[in-house]
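Novice: As given, the protein sequences belong to chains A and B, one line each in that order.
Reading the first sequence from the start, the letters are residues 0 to 306 in numbering that gives the first Met the number 0.
Reading the second sequence from the start, the letters are residues 0 to 306 in numbering that gives the first Met the number 0.
The C-beta atom is built at its ideal place from N, Cα and C for all residues, glycine as well.
Treat the numbers as computed from the prediction; the structure is a model and nothing was measured.
Can you keep this structure in mind? I'll have questions shortly.
2 protein chains.
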Amino acid sequence: MGFGRSATVTSASTTCEGIVQRLDAFGRRFEPAFSRLVAAPAGAPPQLAEAMRYSALAPGKRVRPYLVVRSCELVGGAFDDALPAAAALECVHAFSLVHDDLPAMDDDDLRRGRPTNHKVYGEALAILAGDALLALAFELLARGYDSARAGRMTLELARGTGWEGMIGGQVADIEGETQAPNLERVRYIHERKTAALIATACRLGAVAGGGDEPAVEQLGCYGRHVGLAFQIADDLLDVTSTAEDMGKAVGKDAQAGKQTYPACVGIPESRRAGLAAVEAAEAALACFGQPAHDLVELARFCMDRKH
Amino acid sequence: MGFGRSATVTSASTTCEGIVQRLDAFGRRFEPAFSRLVAAPAGAPPQLAEAMRYSALAPGKRVRPYLVVRSCELVGGAFDDALPAAAALECVHAFSLVHDDLPAMDDDDLRRGRPTNHKVYGEALAILAGDALLALAFELLARGYDSARAGRMTLELARGTGWEGMIGGQVADIEGETQAPNLERVRYIHERKTAALIATACRLGAVAGGGDEPAVEQLGCYGRHVGLAFQIADDLLDVTSTAEDMGKAVGKDAQAGKQTYPACVGIPESRRAGLAAVEAAEAALACFGQPAHDLVELARFCMDRKH
Numbered sequence: 000m001g002f003g004r005s006a007t008v009t010s011a012s013t014t015c016e017g018i019v020q021r022l023d024a025f026g027r028r029f030e031p032a033f034s035r036l037v038a039a040p041a042g043a044p045p046q047l048a049e050a051m052r053y054s055a056l057a058p059g060k061r062v063r064p065y066l067v068v069r070s071c072e073l074v075g076g077a078f079d080d081a082l083p084a085a086a087a088l089e090c091v092h093a094f095s096l097v098h099d100d101l102p103a104m105d106d107d108d109l110r111r112g113r114p115t116n117h118k119v120y121g122e123a124l125a126i127l128a129g130d131a132l133l134a135l136a137f138e139l140l141a142r143g144y145d146s147a148r149a150g151r152m153t154l155e156l157a158r159g160t161g162w163e164g165m166i167g168g169q170v171a172d173i174e175g176e177t178q179a180p181n182l183e184r185v186r187y188i189h190e191r192k193t194a195a196l197i198a199t200a201c202r203l204g205a206v207a208g209g210g211d212e213p214a215v216e217q218l219g220c221y222g223r224h225v226g227l228a229f230q231i232a233d234d235l236l237d238v239t240s241t242a243e244d245m246g247k248a249v250g251k252d253a254q255a256g257k258q259t260y261p262a263c264v265g266i267p268e269s270r271r272a273g274l275a276a277v278e279a280a281e282a283a284l285a286c287f288g289q290p291a292h293d294l295v296e297l298a299r300f301c302m303d304r305k306h
Numbered sequence: 000m001g002f003g004r005s006a007t008v009t010s011a012s013t014t015c016e017g018i019v020q021r022l023d024a025f026g027r028r029f030e031p032a033f034s035r036l037v038a039a040p041a042g043a044p045p046q047l048a049e050a051m052r053y054s055a056l057a058p059g060k061r062v063r064p065y066l067v068v069r070s071c072e073l074v075g076g077a078f079d080d081a082l083p084a085a086a087a088l089e090c091v092h093a094f095s096l097v098h099d100d101l102p103a104m105d106d107d108d109l110r111r112g113r114p115t116n117h118k119v120y121g122e123a124l125a126i127l128a129g130d131a132l133l134a135l136a137f138e139l140l141a142r143g144y145d146s147a148r149a150g151r152m153t154l155e156l157a158r159g160t161g162w163e164g165m166i167g168g169q170v171a172d173i174e175g176e177t178q179a180p181n182l183e184r185v186r187y188i189h190e191r192k193t194a195a196l197i198a199t200a201c202r203l204g205a206v207a208g209g210g211d212e213p214a215v216e217q218l219g220c221y222g223r224h225v226g227l228a229f230q231i232a233d234d235l236l237d238v239t240s241t242a243e244d245m246g247k248a249v250g251k252d253a254q255a256g257k258q259t260y261p262a263c264v265g266i267p268e269s270r271r272a273g274l275a276a277v278e279a280a281e282a283a284l285a286c287f288g289q290p291a292h293d294l295v296e297l298a299r300f301c302m303d304r305k306h
């Protein structure tokens with residue numbers, strides 16, 4: 000659901016080079032640890048574990064894990080402190096993509112050039128692999144932290160994922176296709192479908208690093224605005240970019256009758272709203288000073304990217 | 000996934016009357032509290048909340064919540080201590096039924112005489128409602144207990160539900176349809192698909208009531224064997240009962256090529272295995288003495304029931 004694997008970062012504009020390189024370097028460090036954390040246990044059916052790992056370990060920018068780790072480090076924690084939560088976030092993200100791609104949902108055959116989960120494993124197994132990835136996310140939290148911290152994180156993750164969070168946003172997004180464009184509605188959708196889980200990533204990172212409540216709140220505020228900026232940029236790219244730039248069909252939102260910022264307020268006003276979200280994200284990090292520089296860059300990257 | 004709403008308890012044989020009445024009385028007490036615990040929050044799309052509540056609050060025996068509450072009480076806890084965990088278990092159970100009924104899975108139009116979730120709300124919303132019920136289960140644990148207890152419970156619930164638990168069993172069950180009947184395989188399936196979540200119900204109840212590790216283990220052991228006995232009985236009823244008794248078509252397992260006890264070892268040996276599981280369940284409760292009488296009765300009811 001948004002902010003994901005649909006946009007590549009391999010040839011971003013030069014202003015974004017720093018953050019692109021940082022994400023690449025992070026990915027190389029995160030990947031082997033993530034693969035170990037989601038290693039199939041002896042008690043799981045091999046075919047299920049394979050389907051889960053097919054999607055969890057699919058190539059991706061790993062933006063959510065990056066946000067978990069950097070939020071953790073910003074409040075004084077270490078890379079390893081953040082790992083289980085980062086892996087949990089990526090499992091939730093993978094679960095959402097597997098279910099989004101199903102025939103009854105977006106009915107996609109390809110994701111980043113690879114066959115979607117149900118194309119490889121069939122619909123039944125894809126549904127169950129998605130389900131199991133969601134359960135695994137909570138298991139990773141519970142295994143990775145002491146009980147008290149795991150309990151706190153469970154609340155954050157369940158809220159960011161559930162009926163008031165990402166899944167709620169997905170439902171509102173589908174319902175919005177049959178409704179007239181409305182700014183309040185599109186904001187409601189974007190805040191849940193994309194921004195809620197991004198905010199959760201930042202908040203979990205802060206909790207993992209032992210940050211105090213104000214730090215958790217500030218990082219969550221940053222994440223909400225980054226998620227909103229990213230989704231507005233996504234809306235804009237769908238109407239302004241070429242299929243060549245995007246590496247996928249454009250104009251799909253309007254065709255599907257999606258609730259988008261441009262459909263509600265036009266292109267210039269959408270740009271302004273996106274930049275305002277980036278500024279709000281930056282402002283939320285002011286208290287962290289220079290060490291938060293890369294997160295500021297990431298927020299700007301959201302609006303600057305060409306695909 | 001088994002042990003659920005497919006068998007009614009309104010006209011059980013007289014030997015089971017006690018436990019049937021107890022379950023009915025429990026249901027009347029649990030229902031309003033459960034409905035309050037899964038009340039739609041302001042931040043959730045109403046249509047999603049309606050779909051979730053449609054299945055969560057559908058008529059059912061509430062065996063899992065009963066096991067949570069009684070396990071909690073057995074170790075010295077109170078009804079209210081068990082409520083959030085009982086509600087969480089029922090949400091997981093409801094989620095599994097919604098996804099099981101999907102066209103890509105069992106493709107069922109009716110469940111206990113009511114249209115299945117996707118028949119009422121469409122496939123996309125049914126998939127998402129199931130997802131959100133699973134997330135809600137963890138949210139209920141995290142909201143209902145102090146962080147340390149919630150963290151511990153999250154681990155139990157995630158394991159009982161995930162790739163090594165119920166969902167793993169569901170995958171093995173589907174795969175088993177194309178494999179020759181094999182006792183090791185059928186036991187693997189039953190232990191996960193049905194028994195894992197029953198055991199989790201008992202374990203969570205014990206944790207909710209502040210039980211020590213041996214108590215948690217004993218109640219979990221009871222739950223595993225009860226779940227196994229129930230599933231063996233289910234296998235037997237599918238080959239020995241009449242459609243009239245069951246209120247649904249019989250002989251479906253053989254038709255679908257399901258892995259069942261009777262298919263592996265025949266009817267008499269299956270009966271013996273079921274009774275052995277009941278005895279093992281009873282033995283696990285010996286340390287609790289007379290107060291565990293109703294749980295013993297419940298175990299016997301599993302094998303005695305006629306539908």
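1. Distance, Cα to Cα, B/P290 vs B/Q20?
2. Does DSSP classify B/L109 as helix, strand or coil?
3. If the criterion is Cβ atoms closer than 8 Å, does the pair A/G42 and B/G167 meet it?
4. From this set, B/R142, B/L203, B/R223 and B/R270, which residue's C-alpha is nearest B/A283's C-alpha?
5. For A/P31, is the beta carbon positioned less than 7 Å from some heavy atom of the ligand COA?
6. Taking DSSP as the reference, what is the three-state secondary structure of B/P261?
7. For a contact defined as C-beta to C-beta under 7 Å, what are the partners of A/V170 on chain B?
8. Excluding the 5 residues flanking B/F137 on each side, which residues of the same chain have their C-beta closer than 8 Å to its C-beta?
9. Could you tell me if B/D106 is buried or exposed, where buried requires 16 or more neighbouring beta carbons within 10 angstroms of its beta carbon?
10. Looking at the unbroken alpha helix (DSSP H) that takes in B/C71, where does it start and where does it end?
11. According to DSSP, simplified to helix, strand and coil, what is A/P114?
12. Mind listing the chain B neighbours of A/E212? Cutoff is C-beta to C-beta under 8 Å, in chain order.
13. For B/T199, go through chain A and note every residue whose CB falls closer than 7 Å to its CB, in chain order.
14. Using the C-alpha atoms, what's the distance from A/H98 back to A/I126?
15. Is A/H292 buried or exposed, if buried means 16 or more other CB atoms sit within 10 Å of its CB?
16. Given that a residue counts as buried once 16 or more other Cβ atoms are within 10 Å of its Cβ, and exposed if not, what is A/S34?
17. Can you look up A/Q178 in the DSSP assignment and give me helix, strand or coil?
18. Excluding the 5 residues preceding and the 5 following A/E190 in the sequence, name in chain order all residues of the same chain whose CB lies nearer than 8 Å to its CB.
19. By the 10 Å Cβ neighbour count, where 16 or more other Cβ atoms means buried, how is A/L109 classified, buried or exposed?
20. Using CA atoms only, rank isn't needed, just tell me which of A/V74, A/R202 and A/A272 is closest to A/Q230.
21. Relative to the C-alpha of A/V277, which candidate in A/F29, A/M302, A/A214 and A/T115 has its C-alpha closest?
22. Keeping to the same chain, check which residues put their C-beta closer than 7 Å to that of A/M165; ignore five residues upstream and five downstream.
23. Could you name the residues of chain B that A/D130 contacts, counting a contact when the two beta carbons are closer than 7 Å?
24. Give a yes or no on whether 8 Å exceeds the smallest Cβ distance from A/I18 to chain B.
25. I need the straight-line Cα distance from A/A147 to A/R270, nearest angstrom please.
26. Using the C-alpha atoms, what's the distance from A/M104 back to B/V119?
27. Is it buried or exposed, A/A298, if we count other Cβ atoms within 10 angstroms and call 16 or more buried?
28. Should the stretch 177-187 of chain A be called in touch with the stretch 53-73 of chain B, which here means at least 3 C-beta pairs below 8 Å?
29. Can you give me the C-alpha to C-alpha distance between A/D233 and B/T239, rounded to a whole angstrom?
30. Compare the beta carbon distance of B/V37 and B/R52 with 8 Å and say whether it is the shorter of the two.
31. Taking B/P40 as the query, report the chain A residues whose CB atoms sit under 8 Å from its CB, ordered along the chain.
32. What are the residues of the stretch 214-238 of chain B that lie near chain A, defined by any Cβ-Cβ distance shorter than 7 Å?
33. Any idea what DSSP makes of B/R304, helix, strand or coil?
34. When burial is assigned at 16 or more other CB atoms within 10 Å of the CB, is B/S12 buried or exposed?
35. How would you list, in chain order, the residues of chain B whose beta-carbon sits under 8 Å from the beta-carbon of A/R148?
Specialist: The short version:
1. 17 Å
2. strand
3. Between A/G42 and B/G167, the gap from beta carbon to beta carbon is short of 8 Å.
4. B/R223
5. Ligands in the displayed structure: none, and consequently the ligand COA is not present.
6. helix
7. Under the 7 Å cutoff, chain B gives P44, Q46, L47, L124 and L127.
8. A87, T153, L156 and A157
9. A residue is called buried once 16 or more other Cβ atoms fall within 10 Å of its Cβ, and B/D106, having fewer, is exposed.
10. V62 to L73
11. strand
12. The premise fails here: A/E212 is roughly 14 Å from chain B at the closest Cβ pair, so nothing lies under 8 Å.
13. Under the 7 Å cutoff, chain A gives no residues; its nearest Cβ is about 11 Å from B/T199.
14. 6 Å
15. exposed
16. In this structure A/S34 is exposed. Its beta-carbon is surrounded by fewer than 16 other beta-carbon atoms within 10 angstroms.
17. Looking at A/Q178 - three-state DSSP - the assignment turns out to be coil, as it is neither helix nor strand.
18. If we look at A/E190 and ignore the five residues flanking it on each side, its Cβ neighbours are G168, R223, G226 and L227.
19. exposed
20. A/A272
21. A/M302
22. Excluding sequence neighbours, A/M165 sits near M0, S95, G159, R191, K192, A195 and L196.
23. The contacting residues are H98, L133 and I166.
24. no
25. 42 Å
26. Straight through space, the alpha carbons of A/M104 and B/V119 are spaced by roughly 16 Å.
27. buried
28. no
29. 59 Å
30. yes
31. W162 and E163
32. none
33. coil
34. Residue confidence is low: B/S12 scores 47 on pLDDT, short of 50, so the model does not pin down where it sits. Its coordinate-derived value is still stated next. Classification of B/S12: exposed, given that the 10 Å Cβ count is below 16.
35. Think of a sphere of 8 Å around the beta carbon of A/R148: the chain B residues whose beta carbon falls inside it are S146 and G150, in chain order.
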